[in-house]
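Trainee: Here it is: the structure, laid out below.
Number of protein chains: 2
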Amino acid sequence: MNVAIIGYGNIGKAVEQAVLAAPDMVLSDVFHHNDDLSRIKADVAILCVPTREVPEYAQICIKQGIATIDSFDIHTRIYELRKELSPLDIQHKTVSVIAAGWDPGSDSVVRALLLALAPQGITYTNFGPGRSMGHTVAAKAIEGVRDALSLTIPLGTGVHRRMVYVELEDGADIKRVEKLILKDDYFKYDETHVIAVPSVAVLNNVAHGVNLVRSGVSGTTHNQRFEFNMAINNPALTGQVMVACARAAVRMKEAGRFGAYTMIELAPIDLLPGNPEALIKELV
Amino acid sequence: MNVAIIGYGNIGKAVEQAVLAAPDMVLSDVFHHNDDLSRIKADVAILCVPTREVPEYAQICIKQGIATIDSFDIHTRIYELRKELSPLDIQHKTVSVIAAGWDPGSDSVVRALLLALAPQGITYTNFGPGRSMGHTVAAKAIEGVRDALSLTIPLGTGVHRRMVYVELEDGADIKRVEKLILKDDYFKYDETHVIAVPSVAVLNNVAHGVNLVRSGVSGTTHNQRFEFNMAINNPALTGQVMVACARAAVRMKEAGRFGAYTMIELAPIDLLPGNPEALIKELV
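If you read the protein sequences in the order shown, they are chains P and B. Read in order, the letters of the first sequence correspond to residues 161 to 444 in the working numbering. Read in order, the letters of the second sequence correspond to residues 161 to 444 in the working numbering.
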């Protein structure tokens, strides 16, 4: 299958590596931001653009009958995006896989599976340790901050600590910066520590992780316990998930199952190269 | 959906509890071993019979157009069973979900997902601590053994210890029994400890578990680490998985996707009650 990459930042580069490593894919083209997208030649376009630009880029591709993959990550608007793209996919006889990263994405698959295994109970998704993009951007926007990094630290039961490393602008007061951060909407509900550092750049690290736990009831039997842990390079995993979903999108399209799907709507086997016989023998 | 249970041992009883707890299912009938199966009235039959009898019972149901679920667990013959049942399912316009337990079953889904997340690397499935049915039966068959229990203890990297508790027949020699167990095909490749106890019955416990680990490569990035752990009541989980797969089978049948499927071929959302909109909003 021929794969086009749209957007060439951290994620675009990670997708490129995953496509080149895939035994069943050819990288047909890489489109940078603002390239002309009027004539994409590919079976599937992997959208590595900022989340808010996903709907626009997806529509451009879908209208050319090209399958699309995105890692749209605004949890509360995923269903909306699916509803927006699905009729367009059906009209143009193609497939979109949306919210295809690790959370939303592969974590969503684990949450769905655990809910099936123990329908009554509580699932906690504990993120990190790792950098939160949203919180980092919020901290950078604070007056007096030259650069910032907000780490998410998992405290269990879905509660997180925020470790905010700030590089101050000349003359800025750390006490004042701390006060502004602590009352910001992104930080005011969580335990937050603000630490002044001489350089944020030297702290940067794309490591991230998750600890996803569920204790629940199967049938009438309580105390069923499940746990999923990851410690990963964030863009590398996101890129790999998008590439796996590109494979599934092309297969769904070939099967005539047009529309927009989230990862919990895909059969895991379709994420994998190789024939069903070999995969079933290896994995089941 | 109307669900029939065929076979009423440990698993049949666990399935019954899970069906009764399901908001979208009605238990239409429970068939004991040797009941007349010529006129089953149900959308789906959950086969809780011994693994070797699954093909026979599945065919009886499929020929009546009824979807079937089994937890057939001979890993090396799962593909064969799928190949045998799938054309029959297609002929009778129905669906079978096979090997639907926790391993094979939900663990297979986790293995497939982890392979998609990091295509290069090694996955280890470490079972236990918990009772191995196969090893327990093998130990019971040894001359001089009245009753036995073989526990599987995970040592990591897919290596297991066998703790074999034996209740001896009158006059039996523990040294001789131990020697026979250690050279048995089931035990000779693993570290095995044989322990004489006055009563095996008081040791019994249906607890089991798994520790499934993968370290691999996403794209070109090494050191991606994943882990899935469970500590569960074995029949309760098996029953719950079968019930979740019954739901998926009926949905696949309604969608006209006839045939036999393993769990890695099912979309996780189809395992769950409720509408896609609510599930996507909750889980993705």
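By construction, the Cβ of each residue, glycine as well, lies at the ideal position given by its N, Cα and C atoms. As the structure is a computational prediction, the values presented were derived from the model and not from experiment.
Write down the C-beta distance between ASN454/P and ASN371/P rounded to the nearest angstrom, noting that I regard them as a contact closer than 8 Å.
Mentor: In the structure as shown, chain P starts at 161 and stops at 444, and residue 454/P therefore has no counterpart that could be examined.
Trainee: Does the Cβ-Cβ distance between LEU248/B and ILE222/B come in under 9 Å?
Mentor: Here residue 248/B refers to the residue found at position 88 of the second sequence. Here residue 222/B refers to the residue found at position 62 of the second sequence. In this structure, ILE222/B lies closer than 9 Å to LEU248/B by Cβ.
Trainee: Since THR211/B meets chain P, which of its residues come closer than 8 Å, beta carbon to beta carbon?
Mentor: Mapped onto the second sequence, residue 211/B falls at position 51. Within chain P, no residue comes near THR211/B; the closest Cβ sits about 14 Å away, beyond 8 Å.
Trainee: Would you say TYR217/B lies against chain P (beta-carbon separation less than 9 Å)?
Mentor: The residue labelled residue 217/B in the question sits at position 57 within the second sequence. No, because no Cβ of chain P sits closer than 9 Å to the Cβ of TYR217/B.
Trainee: I want to see whether chain P comes within less than 9 Å of ASN365/B, judged by CB atoms only; does it?
Mentor: Within the second sequence, residue 365/B is the residue found at index 205, counting from 1. False, the Cβ-Cβ gap to chain P never drops below 9 Å.
Trainee: For a quick check, are the C-beta atoms of HIS295/P and VAL324/P less than 9 Å apart?
Mentor: Numbered from its first residue, the first sequence carries residue 295/P at position 135. Numbered from its first residue, the first sequence carries residue 324/P at position 164. Yes, the pair counts as a contact, with Cβ atoms nearer than the cut-off.
Trainee: Report the residue from ARG322/B, MET402/B, GLY316/B, ASN394/B whose alpha carbon sits nearest the alpha carbon of GLU387/B.
Mentor: Position 227 of the second sequence, counted from the first residue, corresponds to residue 387/B. For GLU387/B, the nearest C-alpha among the options comes from GLY316/B.
Trainee: If you count every other CB in all the chains shown that lies within 10 Å of the CB of ALA361/P, and 16 or more means buried, which is it?
Mentor: The residue you call residue 361/P lines up with position 201 of the first sequence. It counts as exposed.
Trainee: Short of 8 Å in beta carbon distance, which residues of its chain neighbour ARG411/B, apart from the five on each side in sequence? Order them along the chain.
Mentor: The residue labelled residue 411/B in the question sits at position 251 within the second sequence. Result list for ARG411/B: ASP430, in chain order.
Trainee: Could you spell out where the alpha helix (DSSP H) holding GLU216/B opens and where it closes?
Mentor: Locating residue 216/B in the second sequence gives position 56, counting from the first residue. Start and end: 214-222.
Trainee: Residues in the same chain with beta-carbon distance under 7 Å from LEU309/P, minus the five sequence neighbours each way, listed in chain order, please.
Mentor: Translated into the one-based positions of the first sequence, residue 309/P becomes position 149. Cβ neighbours of LEU309/P beyond the five flanking positions: ARG291, THR296, TYR325, VAL360, LEU363, ASN364.
Trainee: Who are the neighbours of TYR346/P on chain B, taking C-beta pairs under 8 Å?
Mentor: The residue given as residue 346/P occupies position 186 in the first sequence. Under the 8 Å cutoff, chain B gives no residues; its nearest Cβ is about 22 Å from TYR346/P.
Trainee: Reducing DSSP to helix, strand and coil, say where MET161/B ends up.
Mentor: The residue you call residue 161/B lines up with position 1 of the second sequence. Coil, per DSSP.
Trainee: Can you confirm whether the segment 203-211 of chain P touches the segment 398-412 of chain P when touching is taken to mean that 3 or more C-beta pairs between the two stretches lie within less than 8 Å?
Mentor: yes
Trainee: Enumerate in chain order the residues of its own chain whose CB-to-CB distance from GLU213/B is below 6 Å, with the five nearest sequence positions on each side excluded.
Mentor: Indexing the second sequence from 1 puts residue 213/B at position 53. No residues qualify anywhere along the chain.
Trainee: Measuring only the C-alpha atoms, how far is SER186/B from GLU338/P?
Mentor: Reading the second sequence from its first residue, position 26 is the one you call residue 186/B. Reading the first sequence from its first residue, position 178 is the one you call residue 338/P. As written in the sequence, residue 186/B is Val, which differs from the Ser given in the question. Distance between the alpha carbons of VAL186/B and GLU338/P is about 58 Å.
Trainee: Which runs of the beta strand (DSSP E), 3 residues or longer, sit entirely within the segment 323-375 of chain B?
Mentor: 351-356
Trainee: If we define contact as Cβ-Cβ less than 9 Å, is ALA404/B a contact residue for chain P?
Mentor: Residue 404/B sits at position 244 when you count from the first residue of the second sequence. Yes, ALA404/B lies at the interface with chain P (some Cβ there is under 9 Å from its Cβ).
Trainee: Could you check what DSSP says for HIS193/B in three-state terms: helix, strand or coil?
Mentor: Here residue 193/B is taken as the residue at index 33 of the second sequence, counted from 1. Three-state result, HIS193/B: coil.
Trainee: May I have the straight-line CA-CA distance separating GLN219/B from SER268/B, to the nearest angstrom?
Mentor: Looking up residue 219/B in the second sequence gives position 59. Looking up residue 268/B in the second sequence gives position 108. So the two alpha carbons sit approximately 24 Å from each other.
Trainee: Going by DSSP, name the residue or residues bridged to ASN383/B.
Mentor: What you label residue 383/B is simply residue 223 of the second sequence in a count that begins at 1. Answer is none; ASN383/B lacks a bridge partner.
Trainee: Taking the Cβ atom as the reference point for each residue, do LEU439/B and ILE424/P lie within a distance shorter than 9 Å?
Mentor: Here the question's residue 439/B lines up with position 279 in the second sequence. Here the question's residue 424/P lines up with position 264 in the first sequence. Going by C-beta atoms, LEU439/B is nearer than 9 Å to ILE424/P.
Trainee: Which one of PHE232/P, ASP195/P, LEU180/P has the shortest CA to CA distance from SER188/P?
Mentor: Counting from one through the first sequence, the residue named residue 188/P turns up at place 28. Closest option to SER188/P, Cα to Cα, is LEU180/P.
Trainee: Pull out every residue of the segment 383-398 of chain B whose Cβ sits closer than 8 Å to any Cβ of chain P, in chain order.
Mentor: ASN383, GLN384, ARG385, PHE386, GLU387, PHE388, ASN389, MET390, ALA391, ILE392, ASN393, ALA396, LEU397
Trainee: How would you label THR283/B, buried or exposed, when you count the other beta carbons within 10 angstroms and need 16 or more for buried?
Mentor: Locating residue 283/B in the second sequence gives position 123, counting from the first residue. Buried.
Trainee: My output table needs one value for ASN435/P: the three-state DSSP class, helix, strand or coil.
Mentor: Locating residue 435/P in the first sequence gives position 275, where the first residue counts as 1. Three-state result, ASN435/P: coil.
Trainee: Less than 9 Å between the C-beta atoms of SER255/P and LYS413/P, yes or no?
Mentor: Locating residue 255/P in the first sequence gives position 95, where the first residue counts as 1. Locating residue 413/P in the first sequence gives position 253, where the first residue counts as 1. The sequence given here has Val at residue 255/P, not Ser. Closer than 9 Å, so yes.
Trainee: So, does the CB of GLN177/P fall closer than 9 Å to a CB anywhere in chain B?
Mentor: Along the first sequence, read from residue 1 onward, the residue named residue 177/P stands at position 17. Chain B, which has a Cβ nearer than 9 Å to the Cβ of GLN177/P, makes this yes.
Trainee: Quick check on DSSP: helix, strand or coil for ILE200/P?
Mentor: Within the first sequence, the letter at position 40 stands for residue 200/P. In this structure, ILE200/P counts as coil in the three-state DSSP scheme.
Trainee: Whose Cβ in chain B lies nearer than 8 Å to the Cβ of LEU443/P?
Mentor: Here the question's residue 443/P lines up with position 283 in the first sequence. Simply SER268, ARG271, ALA272, LEU275, ILE424.
Trainee: Looking at the ligand ATP, does it come within less than 8 Å of GLY318/B, judged from the CB to the closest heavy atom?
Mentor: The ligand ATP is not part of this structure, which contains no ligands at all.
Trainee: Can the beta-carbon of ARG385/B be found closer than 9 Å to that of ALA391/P?
Mentor: Working through the second sequence from its first residue, we reach residue 385/B at position 225. Working through the first sequence from its first residue, we reach residue 391/P at position 231. Their beta carbons are under 9 Å apart, which means ARG385/B touches ALA391/P by this criterion.
Trainee: Can a CB atom of chain B be found closer than 9 Å to the CB of LEU432/P?
Mentor: Position 272 of the first sequence, counted from the first residue, corresponds to residue 432/P. Cβ-Cβ to chain B under 9 Å: yes for LEU432/P.
Trainee: Spatial neighbours of ASN389/P within its chain, please: C-beta separation below 8 Å, excluding the five flanking residues on both sides.
Mentor: Locating residue 389/P in the first sequence gives position 229, counting from the first residue. Once the five neighbours on either side are set aside, the close Cβ partners of ASN389/P are GLY369, VAL370, ASN371, LEU372.
Trainee: Flag this pair as yes or no: are the beta carbons of LEU342/B and VAL357/B separated by less than 9 Å?
Mentor: The residue given as residue 342/B occupies position 182 in the second sequence. The residue given as residue 357/B occupies position 197 in the second sequence. Contact flag unset, no.
Trainee: My guess is that ILE334/B and LEU328/B are in contact by the Cβ rule of under 8 Å, so how many angstroms apart are they, rounded?
Mentor: As a first step, residue 334/B is located in the second sequence; it is residue number 174 there, counting from the start. As a first step, residue 328/B is located in the second sequence; it is residue number 168 there, counting from the start. About 6 Å; that satisfies the 8 Å criterion.
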